[in-house]
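Engineer: Residue numbering for the sequence shown is 25 to 255, as defined by the working numbering. The beta-carbon is built from N, C-alpha and C at its ideal position, and this holds for glycine as well. The model shown is predicted, which means the values in this text are computed figures rather than measured ones.
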Amino acid sequence: MADKIAVITGAGSGMGRAIAHKLAGEGVYVILAGRTQSKLETVAQEIAAQAGSALVHPLDVTQDDQIQALFNRLANGHIDMLINCAGDWLIQSIDDTSAEAIDHLYAVNLKGPYLMTKALLPLLRKSNNASVINIGSVTSMQSHPQVTAYTAMKTGLRGLSGSMAEELKPDKIRVVLLAPGPADTPMRAAASPGVDRSTLVPPEAIADMVWTLVSLPQGITISDFLITRIH
Ligand SMILES: NC(=O)c1ccc[n+]([C@@H]2O[C@H](COP(=O)([O-])OP(=O)(O)OC[C@H]3O[C@@H](n4cnc5c(N)ncnc54)[C@H](OP(=O)(O)O)[C@@H]3O)[C@@H](O)[C@H]2O)c1
Numbered sequence: 025m026a027d028k029i030a031v032i033t034g035a036g037s038g039m040g041r042a043i044a045h046k047l048a049g050e051g052v053y054v055i056l057a058g059r060t061q062s063k064l065e066t067v068a069q070e071i072a073a074q075a076g077s078a079l080v081h082p083l084d085v086t087q088d089d090q091i092q093a094l095f096n097r098l099a100n101g102h103i104d105m106l107i108n109c110a111g112d113w114l115i116q117s118i119d120d121t122s123a124e125a126i127d128h129l130y131a132v133n134l135k136g137p138y139l140m141t142k143a144l145l146p147l148l149r150k151s152n153n154a155s156v157i158n159i160g161s162v163t164s165m166q167s168h169p170q171v172t173a174y175t176a177m178k179t180g181l182r183g184l185s186g187s188m189a190e191e192l193k194p195d196k197i198r199v200v201l202l203a204p205g206p207a208d209t210p211m212r213a214a215a216s217p218g219v220d221r222s223t224l225v226p227p228e229a230i231a232d233m234v235w236t237l238v239s240l241p242q243g244i245t246i247s248d249f250l251i252t253r254i255h
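(1) Considering only residues of the same chain and omitting the five flanking positions on each side of residue 242, which have a CB-CB separation below 7 Å?
(2) Rounded to whole angstroms, what is the Cα-Cα separation between residue 113 and residue 178?
(3) Could you give the distance in angstroms between the alpha-carbon of residue 53 and the alpha-carbon of residue 101?
(4) Are the CB atoms of residue 80 and residue 68 nearer to each other than 7 Å?
(5) Should residue 40 go down as buried or exposed, given a rule of 16 or more other Cβ atoms within 10 Å for buried?
(6) Looking at residue 86 and residue 132, is the spacing between their C-beta atoms short of 7 Å?
(7) Can you tell me whether residue 146 is buried or exposed, with buried defined as 16 or more other CB within 10 angstroms of its CB?
(8) Terminal residues of the continuous beta strand (DSSP E) containing residue 108?
(9) Suppose the cutoff is 7 Å on Cβ atoms and the five residues either side in sequence are ignored; what does the same chain contact list for residue 182 look like?
(10) Taking just the CA atoms, how far does residue 119 sit from residue 35?
(11) Take residue 221 and list the residues in its own chain whose beta-carbon comes closer than 6 Å to its own, dropping the five residues that flank it on each side.
(12) Leaving aside the five residues before and after residue 212 along the sequence, list all residues of the same chain whose C-beta is less than 7 Å from its C-beta, in chain order.
(13) Would you please state the rounded distance, in angstroms, between the beta carbons of residue 115 and residue 234? I believe it to be under 8 Å.
(14) Flag residue 204 as yes when its Cβ comes closer than 6 Å to any non-hydrogen atom of ligand 1, and as no otherwise.
(15) Can you give me the start and stop residues for the beta strand (DSSP E) that residue 289 sits inside?
(16) What's the C-alpha gap between residue 204 and residue 251?
The following block contains the structure:
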């Protein structure tokens, strides 16, 4: 995998960080994207300490000009993997959810992956085995109360992934929605304070699954699926 290149959004923490570690450990050159430079720098240092290679590129996935700046930086090369992991959450009743909150969740969880994929497609098309992995959620597949706006975006991401997978078949680019159940990350710690961590999916297990997906032979793909903890 020495010549393989991945872009990972949300790489500064949680699942994105674990995915960056896994891919870098397998010899992939990882480009770490997210809003907070210091978090990305820390992950890059951890990867360098384990003889991996990483590039820090701060960006906000809701801002097309910032995504274009990443494209411009990488334009002479190619990308083999785009992992759309950046996201935000909201547990709130329908009554309390504001129009602004809905717009924000839409921008981060749905528009962001769309813009990232669209912008980087010319570079993915240069790969001989490209993958776009969209990190959905159990709410992409199942309905729960108090998460209507988040659920709308994560089911939207499932639809986006399926339609993109169809459209990009001629390019042999696999697009897969990976939908984790409750996972042991900072997002979950904030959403469910005091949760029994033994009931959560370790982010490393999700990273291993991402590695399995991107390692499939060219022309082989898999449909969207849930990854959950047995407990
Ligand atoms: N934890 C769970 O139980 C769970 C379950 C199912 C699905 N998920 C999904 O898994 C993904 C990763 O979440 P996580 O659990 O690993 O939480 P996390 O540790 O909070 O990671 C989310 C990352 O997204 C980045 N981010 C947020 N808004 C961004 C933006 N506008 N532009 C660029 N980066 C942005 C954050 O960094 P900055 O703030 O520095 O930008 C952060 O590093 C999310 O899509 C989430 O919806 C989580």
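Structural biologist: Let me lay it out:
(1) 152, 153 and 196
(2) 10 Å
(3) 12 Å
(4) yes
(5) buried
(6) yes
(7) exposed
(8) 105-108
(9) 160, 164, 201 and 248
(10) 33 Å
(11) 208
(12) 206, 219 and 224
(13) Going by Cβ atoms, the distance from residue 115 to residue 234 rounds to 26 Å, so no, they are not a contact pair.
(14) yes
(15) The displayed coordinates of the chain run from 25 to 255. Any statement about residue 289 would go beyond what the structure contains.
(16) 5 Å
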